[in-house]
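A.B. asks:
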Amino acid sequence: FLTFEGDLKWDHTDLTYRVMNYSPDLDPAVIDDAFKRAFRVWSDVTPLTFTQIHSGEADIMIMFGSREHGDGYPFDGKDGLLAHAFPPGRGIQGDAHFDDDELWTLGTGIVVKTRHGNANGANCHFPFIFEGRSYSRCTTEGRRDGLPWCATTASYDRDKKYGFCPSELLYTNGGNSDGSPCTFPFIFDGTSYDACTTDGRSDGYRWCATTASFDKDKKYGFCPNRDTAVIGGNSQGDPCVFPFTFLGQSYSACTSQGRQDGKLWCATTSNYDTDKKWGFCPDRGYSIFLVAAHEFGHSLGLDHSSVREALMYPMYSYVQDFQLHPDDVQGIQYLYGRGSGPAPTAPAPVPTEEPQPVPTEDPQPVPTEDPQPLPTEAGSTSTTEEEEETPEPTATPIPVDPSRDACEEKNFDAITEINGELHFFKDGKYWTHSSFWKSGIQGAFSVADTWPGLPAAIDAAFQDVLTKRVFFFAGRQFWVFSGKSVLGPRGIEKLGIGKEASRISGALQRGRGKVLLFSGENYWRLDVKVQRVDKGYPRATDDVFTGVPLDARNVFLYQDKYHFCRGSFYWRMTPRYQVDRVGYVKYDILQCP
Amino acid sequence: PVQSKPQAVVTFPGELVSTLSDLELAERYLLRFGYTTEVEARTGSKHVSLSKALRKMQKQLGLEETGELDAGTLEAMRAPRCGVPDVGA
């Protein structure tokens, strides 16, 4: 990691932020939530706190803009530069700016959050069935008021769940009309408009009057992008018009015709040949959460990292199941200490090229570069049969303070039942809790003493019911212990788990030698005997385990029920897939005072 | 339907077609993200200063350090990224 010259950092930990304006690509509520989660990435590992304010000067002012947007560092249109931010300090220092010529999403395509209807603001489900037809975008079918709507499940015909799509006919953002919808036609500068316009502005944002005459009332708002809004081209933000004519042919969907790069585009009037108005159709877009988490790293004093997997690496890459990399954690804790640790410290007077992390109360486990197993080529001789692998000690054992209290921990790396007792793992330590023996919590014990060769930070563990072997997962590696003898580390690709799984977050033992392994929003069924996942996996967790957090940090089976943990809470689910309890890990399961 | 006639390629109005050569793209990138300075770029042998700056960028971004403007380096220069410089203030 790197900090800025002079180790610029905030001299207080209770930081404030203010969102000056919103991108029309996403509902402001989605943007607010993404920024909140992006700040939580950093507050989870430092003493820093972040409070959103809605007026006045905040430490971190956040804005969307395109091209030259007022700071002398212009953006560059779609792709290329996505955002930038300034290191801590007064005025523009600490601020974060996002290029609004990008398509802002959560990284996997447009997020169409509904309003009103009967789905409590749920996102559209595309495609959906309505009156027997399939729709892959919002529609005004079935309505006389021209309001675009969508189903929030796969079938409106079956579920009757729906909501209204973002549109200027429903609401506006910002401006001075408290979100009132546009009034069409409206008069501006003596001209009548029957659609949103960028006229009168130099920042390219589409706006409208919310009364019949802007000239008279000066009431206006910014138009939210519809789900069919184009990006770039010469009509940014305008919705596609279907069907449209291009080179004499009629098109009812986006097309790559006329281009050599395969990019999908559409016309924003009914005839491209005469009007030449066009733009690119929505793609996966860029995750506002991931880019914001990176930029806020700059706002807090981190410069770019050269570790490819680190959040502070300068290039964007989408990850589904985000985890802060140890390099990022070391960097931010070098500046501000750790969550429950000492107050921010003055960094060492002469920072070396690689600043030495400030010693915290217990020595940080040194993340080692575990020997990466060589990727097996398809059809290679190596099979998933258990190969004898001499375990490489991947981490020097960390002296563990046995008096360390499990109730002090905010969360755990892994939770699972081994030999009838719940085990709680954290940073090379573990505690046990038996519901059978009323002996309360036992530990802290050293992981390295019981399972030599494991890294200090693991992601998941489970005990195979039949063989009593214990599987551990960290990143994309796994270890199999029989007592103290270990097989591994091996790559989880040997189990047949693809690259989309960056880590395993938990496991549920099923009957007949099967175990469900969870990663991100998917799960795989592992056949423990052959050590391969079954065909037809991964499957979406939400399809079966409905109502539990899809970004659970721990998943485990305990007393025949499924437990999904996130933050301080757990969701307990019966084998019939009903959530029958939501409670506190600490007070209900660990039974802390 | 299989294209009955060769696909027409259209120049779309307002499209940002980069007219930069690979070398110009590289020089602009290296300058923008702090791997070289105006002064360095102007003085000395152009090739030597370019190769030195490329090596510095390849090291920082974990690319193969060839000092050449190879495909991997060009791809990295075109990848979406943060606008904050990688080197210097």
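Protein chains in written order, with our numbering: chain A, 837 to 1429; chain B, 19 to 107.
Glycine included, every Cβ here is placed at the ideal spot set by N, Cα and C.
Keep in mind that this is a model prediction, so the values were computed, not measured.
Return the chain-ordered list of same chain residues with a C-beta closer than 6 angstroms to the C-beta of Q1208/A, the five sequence neighbours on each side being excluded.
C.D. replies: Reliability fails at Q1208/A, whose pLDDT of 34 lies under 50, so the model's placement of it is uncertain and the value that follows must be treated cautiously. So the list is empty, once near-sequence residues are dropped.
A.B. asks: Answer yes or no: do R973/A and D861/A have a C-beta to C-beta separation smaller than 8 angstroms?
C.D. replies: In this structure, the beta-carbon distance from R973/A to D861/A does not fall below 8 angstroms.
A.B. asks: Please state the DSSP three-state secondary structure of A1284/A.
C.D. replies: helix
A.B. asks: Please list the terminal residues of the continuous alpha helix (DSSP H) segment that includes R1042/A.
C.D. replies: Run containing R1042/A: none; DSSP gives neither H nor E here.
A.B. asks: Please go through the region 1302-1381 of chain A and give each complete beta strand (DSSP E) segment of 3 or more residues, from N-terminal end onward.
C.D. replies: 1306-1310, 1313-1318, 1321-1327, 1342-1345, 1350-1355, 1358-1363
A.B. asks: Alpha helix (DSSP H) containing E45/B: first to last residue?
C.D. replies: First-last of the alpha helix (DSSP H) with E45/B: 40-50.
A.B. asks: Give me the Cβ distance between V1066/A and C1117/A, rounded to the nearest whole Å; I'm assuming they're in contact under 8 angstroms.
C.D. replies: Yes, they are in contact, since the Cβ atoms of V1066/A and C1117/A sit about 7 angstroms apart, within 8 angstroms.
A.B. asks: Which residues in chain A sit within 8 angstroms of Q78/B, going by Cβ to Cβ distance?
C.D. replies: Here the neighbours are H1140, S1142.
A.B. asks: Could you tell me which of D1164/A, R1402/A, A1337/A sits nearest to F837/A, measuring between CA atoms?
C.D. replies: D1164/A
A.B. asks: Between the beta-carbon of I1277/A and the beta-carbon of F1392/A, is there less than 8 angstroms?
C.D. replies: No; because the gap between Cβ atoms is not below 8 angstroms, this pair is not in contact.
A.B. asks: Compute the beta-carbon to beta-carbon distance between P1021/A and D1030/A, rounded to the nearest angstrom, for a pair I have assumed lies under 8 angstroms.
C.D. replies: 5 angstroms
A.B. asks: Taking contact to mean 3 or more Cβ pairs, one atom from each stretch, closer than 8 angstroms, check whether the region 1038-1049 of chain A and the region 896-907 of chain A are in contact.
C.D. replies: Flag = yes, the region 1038-1049 of chain A and the region 896-907 of chain A touch.
A.B. asks: Assuming R73/B is part of the alpha helix (DSSP H), what are its boundary residues?
C.D. replies: 64-78
A.B. asks: Can you confirm whether A1129/A, when its beta carbon is compared against all beta carbons of chain B, has any partner nearer than 8 angstroms?
C.D. replies: no
A.B. asks: Bridge partners for C1401/A per DSSP, in chain order?
C.D. replies: N1390/A, Y1406/A
A.B. asks: Hey, out of D1051/A, P1002/A, S1003/A, whose CA is closest to G1026/A's CA?
C.D. replies: Relative to the Cα of G1026/A, the nearest Cα in the group D1051/A, P1002/A, S1003/A belongs to D1051/A.
A.B. asks: Given a cut-off of 8 angstroms, decide if T84/B and S67/B are closer than it, judged by their beta-carbon atoms.
C.D. replies: no
A.B. asks: Cβ closer than 9 angstroms: which chain A residues qualify as neighbours of A89/B?
C.D. replies: Neighbours of A89/B on chain A: none; closest Cβ ~16 angstroms, over 9 angstroms.
A.B. asks: What is the rounded straight-line gap between the Cα of I1023/A and the Cα of G925/A?
C.D. replies: 44 angstroms
A.B. asks: Which of the three DSSP states, helix, strand or coil, is assigned to V1415/A?
C.D. replies: strand
A.B. asks: Buried or exposed, going by whether 16 or more other CB atoms sit within 10 Å of the CB of Q1096/A?
C.D. replies: exposed
A.B. asks: Are the CB atoms of K1265/A and V1236/A nearer to each other than 8 angstroms?
C.D. replies: yes
A.B. asks: Should the region 926-940 of chain A be regarded as contacting the region 907-915 of chain A, the criterion being three or more beta carbon pairs within less than 8 angstroms?
C.D. replies: The region 926-940 of chain A vs the region 907-915 of chain A: in contact.
A.B. asks: Would K1422/A be called buried (16 or more neighbouring beta carbons within 10 Å of its own) or exposed?
C.D. replies: buried
A.B. asks: Does the Cβ of R1120/A have 16 or more other Cβ atoms within 10 Å, making it buried, or fewer, making it exposed?
C.D. replies: exposed
A.B. asks: For C986/A and K997/A, what's the separation of their Cα atoms in angstroms?
C.D. replies: If you take the alpha carbons of C986/A and K997/A, they lie about 9 angstroms apart.
A.B. asks: Which residues share a DSSP beta bridge with Y971/A?
C.D. replies: F964/A
A.B. asks: Identify each residue in the region 1084-1115 of chain A for which the Cβ-Cβ distance to at least one residue of chain B is less than 8 angstroms, and report them in chain order.
C.D. replies: Q1093, G1094, R1095, Q1096, W1101, K1112, W1114
A.B. asks: Could you confirm whether any beta carbon from chain B is found closer than 8 angstroms to the beta carbon of N1070/A?
C.D. replies: Output row for N1070/A: interface = yes.
A.B. asks: What did DSSP end up calling M899/A once you bin it into helix, strand or coil?
C.D. replies: strand
A.B. asks: If G927/A and I896/A are in contact, beta carbons under 8 angstroms, what's the gap, nearest whole angstrom?
C.D. replies: Contact doesn't hold; Cβ gap of about 12 angstroms is too wide.
A.B. asks: If you run the structure through DSSP and keep just helix, strand and coil, what is I946/A?
C.D. replies: Coil, per DSSP.
A.B. asks: Given a threshold of 16 other Cβ atoms within 10 Å of its Cβ, counted over all protein chains shown, does T1008/A qualify as buried or as exposed?
C.D. replies: For T1008/A, the number of other beta carbons within 10 angstroms of its own is at least 16, and it is reported as buried.
A.B. asks: Can you give me the C-alpha to C-alpha distance between L851/A and H1399/A, rounded to a whole angstrom?
C.D. replies: 35 angstroms
A.B. asks: Tell me whether E1244/A sits in a helix, a strand or coil according to DSSP, three-state version.
C.D. replies: helix
A.B. asks: Just to make sure I have the definition right: I need the residues of chain A whose C-beta is within less than 7 angstroms of the C-beta of V28/B. Which are they?
C.D. replies: Chain-ordered, the chain A residues with CB closer than 7 angstroms to the CB of V28/B read G1094.
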